[in-house]
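Chains as they are written, first to last, in full-length UniProt numbering: chain F, 1 to 339; chain Z, 1 to 339. Here the structure comes first, spelled out in structure tokens, and everything after it is commentary.
There are 2 protein chains.
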Amino acid sequence: MSRASDDLILSRFEPLFAPRSVAVAGASASLAKPGNRFIEALRKHGFKGEIYPIHPHAPEIDGLTAYPTVADVPEPVDYAFVAVGAQAVVKFLRAARNRLKFAQVMSSGFGETTHGIELEAELVRTAREVGIRVVGPNCIGLYSPRGKLPLLGGAMDAGGGIGVVSQSGGLSLDILGRGRVLGVKFRAIASIGNCADVGPNEFLDYMLADPETKVIGFYLEKLRDGRMFFEALRNSQGRKPVIILKGGQTQQGQRAAASHTGALANDNRLWAAVIRQTGAIPALDLNDLIHHFAAFQASSLVPEVGAGRAILFGNGGGTGVIASDQFGRCGIDIAPLNN
Amino acid sequence: MSRASDDLILSRFEPLFAPRSVAVAGASASLAKPGNRFIEALRKHGFKGEIYPIHPHAPEIDGLTAYPTVADVPEPVDYAFVAVGAQAVVKFLRAARNRLKFAQVMSSGFGETTHGIELEAELVRTAREVGIRVVGPNCIGLYSPRGKLPLLGGAMDAGGGIGVVSQSGGLSLDILGRGRVLGVKFRAIASIGNCADVGPNEFLDYMLADPETKVIGFYLEKLRDGRMFFEALRNSQGRKPVIILKGGQTQQGQRAAASHTGALANDNRLWAAVIRQTGAIPALDLNDLIHHFAAFQASSLVPEVGAGRAILFGNGGGTGVIASDQFGRCGIDIAPLNN
Numbered sequence: 001m002s003r004a005s006d007d008l009i010l011s012r013f014e015p016l017f018a019p020r021s022v023a024v025a026g027a028s029a030s031l032a033k034p035g036n037r038f039i040e041a042l043r044k045h046g047f048k049g050e051i052y053p054i055h056p057h058a059p060e061i062d063g064l065t066a067y068p069t070v071a072d073v074p075e076p077v078d079y080a081f082v083a084v085g086a087q088a089v090v091k092f093l094r095a096a097r098n099r100l101k102f103a104q105v106m107s108s109g110f111g112e113t114t115h116g117i118e119l120e121a122e123l124v125r126t127a128r129e130v131g132i133r134v135v136g137p138n139c140i141g142l143y144s145p146r147g148k149l150p151l152l153g154g155a156m157d158a159g160g161g162i163g164v165v166s167q168s169g170g171l172s173l174d175i176l177g178r179g180r181v182l183g184v185k186f187r188a189i190a191s192i193g194n195c196a197d198v199g200p201n202e203f204l205d206y207m208l209a210d211p212e213t214k215v216i217g218f219y220l221e222k223l224r225d226g227r228m229f230f231e232a233l234r235n236s237q238g239r240k241p242v243i244i245l246k247g248g249q250t251q252q253g254q255r256a257a258a259s260h261t262g263a264l265a266n267d268n269r270l271w272a273a274v275i276r277q278t279g280a281i282p283a284l285d286l287n288d289l290i291h292h293f294a295a296f297q298a299s300s301l302v303p304e305v306g307a308g309r310a311i312l313f314g315n316g317g318g319t320g321v322i323a324s325d326q327f328g329r330c331g332i333d334i335a336p337l338n339n
Numbered sequence: 001m002s003r004a005s006d007d008l009i010l011s012r013f014e015p016l017f018a019p020r021s022v023a024v025a026g027a028s029a030s031l032a033k034p035g036n037r038f039i040e041a042l043r044k045h046g047f048k049g050e051i052y053p054i055h056p057h058a059p060e061i062d063g064l065t066a067y068p069t070v071a072d073v074p075e076p077v078d079y080a081f082v083a084v085g086a087q088a089v090v091k092f093l094r095a096a097r098n099r100l101k102f103a104q105v106m107s108s109g110f111g112e113t114t115h116g117i118e119l120e121a122e123l124v125r126t127a128r129e130v131g132i133r134v135v136g137p138n139c140i141g142l143y144s145p146r147g148k149l150p151l152l153g154g155a156m157d158a159g160g161g162i163g164v165v166s167q168s169g170g171l172s173l174d175i176l177g178r179g180r181v182l183g184v185k186f187r188a189i190a191s192i193g194n195c196a197d198v199g200p201n202e203f204l205d206y207m208l209a210d211p212e213t214k215v216i217g218f219y220l221e222k223l224r225d226g227r228m229f230f231e232a233l234r235n236s237q238g239r240k241p242v243i244i245l246k247g248g249q250t251q252q253g254q255r256a257a258a259s260h261t262g263a264l265a266n267d268n269r270l271w272a273a274v275i276r277q278t279g280a281i282p283a284l285d286l287n288d289l290i291h292h293f294a295a296f297q298a299s300s301l302v303p304e305v306g307a308g309r310a311i312l313f314g315n316g317g318g319t320g321v322i323a324s325d326q327f328g329r330c331g332i333d334i335a336p337l338n339n
């Protein structure tokens, strides 16, 4: 399959990261459910487009006209936040046929559990059939400052150039919150959960195509189609830094991942080879990932300069020693300056 | 040489960490020199004892009566902050003969430079002769909340249980500042520079003896008497966690250390053996050191429980996976719980 042009990729993903209209399934007329919290967060962070609550019978939710299905909404919808029970998701998609571009499915109870595997397969079959792309299920949403799309529980700022794709929702929030402490500015953070439909490879292609995304980071536990991700990653070589935090690097980490997103045990030698062959950068843990973001954000890459040598400026002696050690471990030579 | 009793060690070091009186050499009647900044910091942080500026002819400095030498001060002095030119330090000590317990010598120009090696030897000979213990030279002072002793440029809080000894002054401040961000509370931070006289082994003995010091950390570049430090460290085994950040772990780090504190290249296999034989904990870099402090501060060690197994509680799936990986790397087994 040949890769689509950057312009085509950008226009396909625009409704996801900067939707003009948003449908919200899983809001209640009387309770503060995740859908209500999402509506509140959209308003708080200045979302400019239309918001359409989807509810089987409520005429109004949080002061907005509600509709029984997306098909009843007066215009086609770019993005739906879907936080209804797993069993109701397929029905939601069927009713939104050809009227919705992206559905982000928060609901869990799919492929991450044994009894949900068949339901997830049905979700994917339905999505293809009705022409809707699905992000998730089992995720927590998207952070996109330019689209005023908030993560529930996260603050929003003016945004920057760091794009993140995470198979863990909780870590998406951690990356946002801890990144902010270090001054990391994000272009987008996509929580993608089980990635039953849209997978890491498509997000990678998008972030490579997006001129405002300068650095790309992943938290991954498993890959449905490793070959496609590898191809997308190889295609990235030298264009933008791609940093990968792989969850389940040890046997017991893999056991934990298996119960989290249903990841199968991966061969870590394979991952090491992928990293080596594509020029991606491995991150050891969350701090390491975020520090990579901070470092790349603070520095401009100058590919013309031969790697392997550096000059160290600094004022503290001990700091210079520790930095020299760290460069030494990376095989970068700090030569003494000539007098 | 048999080790002194804990009580004797504590009483010997009390004048250093909680001095009743302080002499300050290197303050000016007209300029804001380091001595003046130290006096200002002592007052700001509520130092309760007497402060005696030492100056060849000024009668008064910063509103305090100044004295030509420590011998002229009306009472013996516990601690002197010495920030005069290297050539003047020996003269200062001679004049303070038997009237001063500890002199912390900020001045550089001693053993860390080729031309200062002989001067440092003279400093040590003099200190022994006149009965004064010297901390430094080439350091930045002490942080001791209970003694209201500040580090220049550092804030002060109520203190806690982390004791630190650093051969780098700048890193002492970094440890204080970055530790505070993570909520680390310090019992004391001793910047010891070239440690010409009082060395890391004596500080280790003191911090082991001090019941309020719960965790001990070192930043070390070189050891004058490695055998004594090793003995002190072996003596610590199991009593308190001792974390060591060794600067100059790589060849080029050693080059940097050589020009910082005059450290000779150390054999890192020797360090690895010391760590293994004493149960000390190696830290890779400054973050690692401070995170060890935060972890030990937050947890109580229960030595009765066999190591090697742990139970992980948490709410985020991705966090659990990353934590499982980290435990896996440390050889700690996270067994699945029985139903």
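We put the CB at the ideal spot given by N, CA and C, even for glycine.
- Can you tell which of F/Ile175, F/Gly183, F/Thr213 has the C-alpha that lies nearest to the C-alpha of F/Leu245? Measuring from the Cα of F/Leu245, the nearest candidate turns out to be F/Ile175.
- Beta-carbon proximity check, F/Ile54 vs F/Leu64, cutoff 7 Å: Not in contact: F/Ile54 and F/Leu64 (Cβ atoms no closer than 7 Å).
- Task: Using the Cα positions of F/Gly15 and F/Gln277, report the straight-line distance between them to the nearest angstrom.
- Result: The residue asked about is misnamed: residue 15 of chain F is Pro in this sequence, not Gly. Straight through space, the alpha carbons of F/Gln277 and F/Pro15 are spaced by roughly 33 Å.
- Message: Can you tell me whether F/Phe203 is buried or exposed? The criterion is at least 16 other CB atoms within 10 Å of its CB, across all chains shown.
- Response: With 16 or more other Cβ atoms within 10 Å, it is buried.
- Task: For F/Phe229, name the three-state secondary structure that DSSP assigns.
- Result: In the three-state scheme derived from DSSP, where H, G and I count as helix and E and B as strand, F/Phe229 is classed as helix.
- Task: Take Z/Leu239 and list the residues in its own chain whose beta-carbon comes closer than 8 Å to its own, dropping the five residues that flank it on each side.
- Result: In the sequence on display, residue 239 of chain Z carries Arg and not Leu. These residues qualify, in order along the chain: Leu208.
- Task: Would you mind listing the beta strand (DSSP E) stretches within the region 137 to 209 of chain Z that are 3+ residues and don't spill past its ends, in chain order?
- Result: Listed in chain order, they are 162 to 166, 186 to 191.
- Query: Applying a beta-carbon distance threshold of less than 7 Å, which residues of chain Z neighbour residue 410 of chain F?
  - Reply: For residue 410 of chain F there is no data in the structure shown, the boundaries of chain F being 1 and 339.
- Query: What does F/Gln326 reach in chain Z if we use C-beta pairs closer than 7 Å?
  - Reply: Within chain Z, the C-beta atoms nearer than 7 Å to that of F/Gln326 come from Asp285, in chain order.
- Taking 7 Å as the CB-CB limit, is F/Ser108 close to chain Z? So, not an interface residue.
- Buried versus exposed, by CB contacts within 10 Å (16 or more), Z/Gly308: If you draw a 10 Å sphere on the C-beta of Z/Gly308, you find fewer than 16 other C-beta atoms in it, and that means exposed.
- Given F/Gly35 as reference, the closest of F/Phe13, F/Gly49, F/Ser107, F/Arg12 once Cα atoms are compared: Minimum Cα distance to F/Gly35 is reached at F/Ser107.
- Message: Taking CB distances under 7 Å as the criterion, tell me whether Z/Ala265 reaches chain F.
- Response: Because Z/Ala265 sits at a pLDDT of 43, beneath the cut-off of 50, its placement in the model cannot be relied upon, and the point is left open.
- Query: With 16 other CB atoms within 10 Å as the buried threshold, where does Z/Ala335 fall?
  - Reply: A residue is called buried when at least 16 other Cβ atoms come within 10 angstroms of its Cβ; Z/Ala335 does not meet this threshold and is exposed.
- With 8 Å as the limit, tell me which residues of the region 117 to 129 of chain F have their beta carbon closer than that to any beta carbon of chain Z; keep them in chain order. Flagged: no residues at all.
- Task: Let me know the secondary structure DSSP gives Z/Glu112 once reduced to three states.
- Result: Here Z/Glu112 carries a coil assignment [DSSP, helix/strand/coil].
- Straight-line CA distance for F/Thr114 to Z/Thr213? Taking the straight line from one Cα to the other gives about 51 Å.
- Count the other C-beta atoms from every protein chain shown that fall within 10 angstroms of the C-beta of F/Gly147, then say buried if there are 16 or more, exposed otherwise. Around the beta-carbon of F/Gly147, 16 or more other beta-carbon atoms lie within 10 Å, marking it buried.
- Message: Give the list of continuous alpha helix (DSSP H) stretches no shorter than 4 residues that lie fully inside the UniProt domain "CoA-binding" (16 to 110) of chain F.
- Response: Correct list: 34 to 44, 86 to 95.
- Task: Could you tell me the boundaries of the alpha helix (DSSP H) in which Z/Arg269 lies?
- Result: Unbroken alpha helix (DSSP H) run through Z/Arg269: 268 to 278.
- Item | When F/Arg94, F/Ile39, F/Leu173 are compared against F/Arg128, the one with the closest alpha-carbon | Comparing Cα-Cα distances from F/Arg128 to each of F/Arg94, F/Ile39, F/Leu173, the minimum goes to F/Arg94.
- For Z/Arg255, the three-state DSSP class (helix, strand or coil): If DSSP states are grouped into helix, strand and coil, Z/Arg255 belongs with the helices.
- Message: For a quick check, are the C-beta atoms of Z/Val164 and Z/Gly217 less than 7 Å apart?
- Response: One thing to note: Z/Val164 has its Cβ within 7 Å of the Cβ of Z/Gly217.
- Item | Inter-residue Cα distance where the pair is F/Ala71 and F/Glu120 | C-alpha separation (whole angstroms): 23 Å.
- Which residue's Cα is closest to the Cα of residue 395 of chain F: F/Ile9, F/Ala58, F/Leu42? Residue numbering for chain F in the displayed model covers 1 to 339; residue 395 of chain F lies beyond these limits and cannot be assessed.
- Message: For F/Ile334, would you say it is in contact with chain Z, using Cβ-to-Cβ distances shorter than 7 Å as the test?
- Response: True, the Cβ-Cβ gap to chain Z drops below 7 Å.
- Item | Residue-level contact to chain F via CB, Z/Leu149, 7 Å cutoff | No, Z/Leu149 does not count as interfacial toward chain F.
- Query: Can the beta-carbon of Z/Ile281 be found closer than 7 Å to that of Z/Ala310?
  - Reply: Taking 7 Å as the Cβ cut-off, Z/Ile281 and Z/Ala310 do not qualify as a contacting pair.
- What first and last residue would you give for the alpha helix (DSSP H) that runs through F/Ile117? Where F/Ile117 is concerned, the enclosing alpha helix (DSSP H) stretches over 117 to 130.
- Message: Need the endpoints of the alpha helix (DSSP H) that Z/Ala323 sits in, please.
- Response: First-last of the alpha helix (DSSP H) with Z/Ala323: 317 to 329.
- Message: Can you check which of these residues, Z/Val215, Z/Gly154, Z/Trp271, is closest to Z/Gly226 by C-alpha distance?
- Response: Comparing Cα positions, the closest option is Z/Trp271.
- Message: Between Z/Gly279 and chain F, is the shortest Cβ-Cβ distance under 7 Å, so that the two count as touching?
- Response: Chain F contact via Cβ: absent.
- Message: Am I right that F/Ala96 and F/Val130 are in contact with their C-beta atoms under 8 Å? What's the rounded C-beta distance?
- Response: Contact between F/Ala96 and F/Val130 holds, with the beta-carbon distance rounding to 7 Å and staying under 8 Å.
- Beta carbon proximity, Z/Ser191 to chain F, threshold 7 Å: With 7 Å as the cut-off, Z/Ser191 does not count as an interface residue toward chain F.
- With 16 other Cβ atoms within 10 Å as the buried cut-off, status of F/Ala263: For F/Ala263, the predicted structure reports a pLDDT of 48, less than 50, and the residue's modelled location is therefore unreliable. A value from the coordinates is still provided. Under this definition F/Ala263 is a buried residue.
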